[in-house]
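In the order they appear, the protein sequences are chains P and B. If you use UniProt numbering, the first sequence corresponds to residues 1 to 432, in order. If you use UniProt numbering, the second sequence corresponds to residues 1 to 432, in order. From the three backbone atoms N, C-alpha and C, an ideal C-beta is built for every residue, glycine too. This structure is a prediction, so every number in the text was calculated from the model and none was measured. Worksheet for the structure shown next.
Protein chains: 2
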Amino acid sequence: MSQYENIWADLGVDLKKHDRLLRGLSVLVRRLHRKQKHRPKAMDYFDDILNDPHGHRVKEMAEHREQGGIVVGSYCVFIPEDLVLAVGGLHVGLCAGTNFAEEDADMYLPRNTCPLIKASFGFKVSYSCPYTQVSSVIVGETTCDGKKKMFEELANHHPTYLIEVPQKKNKRTREFFTEELLEFKRYLEKLSGNEVTAERLRQGIDQVESKFRALQRLFRCRQADPSPISGLDALTIVQLGMQDEVNRFAKQVNRLCDELEERISQGIGVTAKGAPRILIAGSPMSLPNWRLHNLIEKAGAIVVCEESCIGTRLFSKLCEPKGSTVRHLVEALAGRHLGINCACFTPNDERVEDVVRLAKEYKADAVIHYALQFCHPYNSEAGKVKKALDAEGIPMLEVQTDYGDSDNQLSMRVEALINMVVDNKKGGVLNE
Amino acid sequence: MSQYENIWADLGVDLKKHDRLLRGLSVLVRRLHRKQKHRPKAMDYFDDILNDPHGHRVKEMAEHREQGGIVVGSYCVFIPEDLVLAVGGLHVGLCAGTNFAEEDADMYLPRNTCPLIKASFGFKVSYSCPYTQVSSVIVGETTCDGKKKMFEELANHHPTYLIEVPQKKNKRTREFFTEELLEFKRYLEKLSGNEVTAERLRQGIDQVESKFRALQRLFRCRQADPSPISGLDALTIVQLGMQDEVNRFAKQVNRLCDELEERISQGIGVTAKGAPRILIAGSPMSLPNWRLHNLIEKAGAIVVCEESCIGTRLFSKLCEPKGSTVRHLVEALAGRHLGINCACFTPNDERVEDVVRLAKEYKADAVIHYALQFCHPYNSEAGKVKKALDAEGIPMLEVQTDYGDSDNQLSMRVEALINMVVDNKKGGVLNE
């Protein structure tokens, strides 16, 4: 019995289901992460979290709530953690990367709902996720029809708050989103009893952006050939950053980067130099969605970048405040977030440019455009991305998939892509 | 050869495809509309349009353009025709109710796109719709992910303009939408060369709302038992109102209502008194989507109301201006349109209340919740609507369908519902 079982029980977690979930996670980590070779030593910190995914951090959050603090759960990069920190709250990006609770979700949501949304909602109604349970409130957004309508149902099961994300990118929508964030700020002040001062908000932004800068540094390391870290490990780190304490996490990512930069200077990588390099672009891969990375890297290639909300879209933009008042800072947050080229926007040609630019910066041999089934925004953009990559001579494989267990067809397509890259490279050697 | 063939050719219509479309329509009208009994005489005007669906009105529009006028096409009740009339333009609600051009659309749009969106887009890329071709511009909106992303692709094939419809209902979104409409007004002024004065806009609103009032009157007539008009004919009238000249159309609807009110006073209906009465709620049924009405009415029941954008959502709200300037009037338009309880909004409990209220007002024995396949907003709301109707003891059948040709399963479900209603009524007689 885990030392945390009492905490989970107090949070209303269904211990039987939760135990099944933990055992499944443990099997995945054993089969995927631990089977990797040449891993950096500083992965130890992140491995510890993987080995205790709902323990230490959930305990911190539960204690924070006991002491009167708030915990804010969310599913999207458009919810600024900075504002939560500014009222002394903790933020948690909730998991949605498994079909573990799909059956529970199916009782409420339309059949043709994307697996990520089913997972988000399913974790709540199955009472199997301690992070969902410890959240004082879940903050939703209107980035897609599926989530927008799901939050209406979620409100019957958990306290929720909704932020409207506009759909065009211009001055008017930036002003609109600033007002939405100011209202969210007032909501958080009321919920927590703490005022957002300019100083506290500046501190919140500094903490969040230190994390973003650490992740930028981690991703820069992946531009090296050979990459000093696997795509699976890098993705896992970004995923874990959704839950971890922000300062501790940034420190550990920087500690890892020290080692990675040392590896780069010595030419040490997790593959041989010249191994096929893959950029993944599209729908976010939430914890524990490691399937595509595993297929790619087991086939001898390496994932060098994720153009994703669990990737570059999360951390690439920083605030550029035009002054130091609370309003100036919230305006800067609105600007930072509307600078994220999510497929929820129209038009969204900047994302297409991002993918092409990233493919070059990361020296990707091929791009896999990854969209979840029924994810209309990302599925719609796949064609544009392909056209732009074609023009640059960069091959692209379009994948549309769910969280089902059958990997055969996907595996074959990924292997065919990698073989083509190897042929293109004429004699490039796969690492063992 | 049609006398309008030259006009169609000049508009760039693919005459062969278009001919196939017209023949298909003609077969439908012969099989559905003309097979009905006890039809009001004043349907003659609307039958004439059905017999000449792309003739006279397309000619008027083509001539209007030749004389320097603009024609604005759209697919949604959130595009205010009033503003188009205020610059001397013509407005056309474009058809999207058939899978005629689905294959053409499939080359561009994701597979899991709703049939209405495929039809809208397919009519353009197949060059088979003269109304699409005669449009100076197609004005889109952001009411759902599918349409929002479709308009990005449509912009590669036709001049387009996009209006952002907000997603929450409150003071801020009304202000935002007012600004969007003011920008649209400026766009129309530039496109047409005509200024929107308060007087012209007031006239535009008066014309549009005369149409709305005529349709309200038509729908009130359907509250009678027996109903003096079939659901198929009533739906067809609303559909034809999307394209017809606004004053002429309102006049003809009122002429029809004179006859219907006379019928009601004499107890004359298209069915016997007591025939099962069905309310349809959900996704819009665009021209020529007559399938469900046909199944219901062939089975001896009658459709008494459509809670739909081709129904009550179109015409139920009127402007309530707080003053007489252009801004006041545009604010009132924004208010009128944000009063439409489309499933694009969140939350949208007012729509659930509407359906229950309409079911009572129209003395519906049962409700069919109709959602197009992959239409996330309406599919998501079906559960809430059912719960509210259950509480009132009103049976509801949930239908999710596309434009495919196989009616067998749907037909069986509709007949089972009607049989249940008949049993409930204990001896209610089906009309012949």
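Identity of the residue in the options nearest residue i by Cα
i	options	result
residue 387 of chain P	B/108, B/112, B/294	B/108
residue 396 of chain P	P/403, P/407, P/381, P/140	P/381
residue 69 of chain P	P/254, P/136, P/78, P/116	P/136
residue 60 of chain P	P/14, P/38, P/245	P/245
residue 11 of chain B	B/144, B/82, B/33, B/124	B/124
residue 110 of chain P	B/409, B/77, B/420, B/378	B/378
residue 264 of chain B	B/219, B/306, B/276, B/280	B/219
residue 369 of chain P	P/269, P/283, P/423	P/283
residue 19 of chain B	B/79, B/44, B/52	B/52
residue 443 of chain P	P/366, P/194, P/74, P/92	What is shown of chain P runs 1 to 432, which leaves residue 443 of chain P out entirely.
residue 307 of chain P	P/328, P/234, P/159, P/299	P/234
residue 46 of chain B	B/171, B/207, B/97, B/248	B/248
residue 422 of chain P	P/403, P/349, P/301	P/301
residue 217 of chain P	P/175, P/88, P/250, P/156	P/250
residue 309 of chain B	B/371, B/258, B/274	B/371
residue 80 of chain P	P/229, P/367, P/139	P/139
residue 401 of chain B	B/56, B/65, B/39, B/113	B/113
residue 130 of chain P	P/229, P/239, P/7, P/221	P/7
residue 71 of chain P	P/93, P/54, P/320, P/78	P/93
residue 171 of chain P	P/354, P/335, P/190, P/412	P/335
residue 13 of chain P	P/40, P/28, P/54	P/54
residue 252 of chain B	B/357, B/143, B/262, B/43	B/43
Identity of the residues DSSP links to residue i by a beta bridge
i	result
residue 141 of chain P	P/163
residue 306 of chain P	P/280
residue 401 of chain P	P/372
residue 367 of chain P	P/279, P/396
Cβ of residue i within 8 angstroms of any chain P Cβ
i	result
residue 120 of chain B	no
residue 144 of chain B	yes
residue 350 of chain B	no
residue 184 of chain B	no
residue 167 of chain B	yes
residue 151 of chain B	yes
residue 376 of chain B	yes
residue 428 of chain B	Since pLDDT at residue 428 of chain B reaches only 48, below the 50 mark, its modelled position is unreliable, and no value is offered.
residue 478 of chain B	Nothing can be reported for residue 478 of chain B: it is not among the residues displayed for chain B, which extend from 1 to 432.
residue 35 of chain B	no
residue 401 of chain B	no
residue 347 of chain B	yes
residue 425 of chain B	no
residue 317 of chain B	no
is_contact[residue i, chain B] using C-beta, thresh 8 angstroms
i	result
residue 409 of chain P	no
residue 177 of chain P	no
residue 379 of chain P	yes
residue 112 of chain P	yes
residue 284 of chain P	no
residue 387 of chain P	no
residue 148 of chain P	yes
residue 413 of chain P	no
residue 222 of chain P	no
residue 172 of chain P	yes
The ligand SAH heavy atom lying under 7 angstroms from the CB of residue i
i	result
residue 354 of chain P	As presented, the structure is devoid of all ligands, the ligand SAH included, so that no description of it is given.
Presumed contact (8 angstroms Cβ cut-off) between residue i and residue j, rounded CB distance
i	j	result
residue 315 of chain B	residue 215 of chain B	4 angstroms
residue 116 of chain P	residue 286 of chain P	6 angstroms
residue 167 of chain P	residue 345 of chain P	6 angstroms
residue 58 of chain P	residue 4 of chain P	7 angstroms
residue 22 of chain B	residue 33 of chain B	That belief does not hold up - the Cβ atoms of residue 22 of chain B and residue 33 of chain B are roughly 15 angstroms apart, past 8 angstroms.
residue 414 of chain P	residue 394 of chain P	So it is not a contact: roughly 16 angstroms between Cβ atoms.
residue 165 of chain P	residue 184 of chain P	About 12 angstroms separates the two Cβ atoms, so there is no contact after all.
residue 362 of chain B	residue 266 of chain B	At roughly 20 angstroms, the Cβ-Cβ gap does not stay under 8 angstroms, so residue 362 of chain B and residue 266 of chain B are not in contact.
residue 97 of chain P	residue 294 of chain P	No, residue 97 of chain P and residue 294 of chain P are not in contact; Cβ-Cβ is about 13 angstroms, not under 8 angstroms.
residue 88 of chain B	residue 192 of chain B	6 angstroms
Continuous alpha helix (DSSP H) assignments of at least 4 residues falling wholly in the stretch 192 to 252 of chain P: 198 to 221, 231 to 240
Start-end ranges of the alpha helix (DSSP H) lying completely within the stretch 70 to 97 of chain P, minimum 4 residues: 81 to 86
Residue ranges of each alpha helix (DSSP H) within the stretch 26 to 60 of chain P, 4 or longer: 44 to 51
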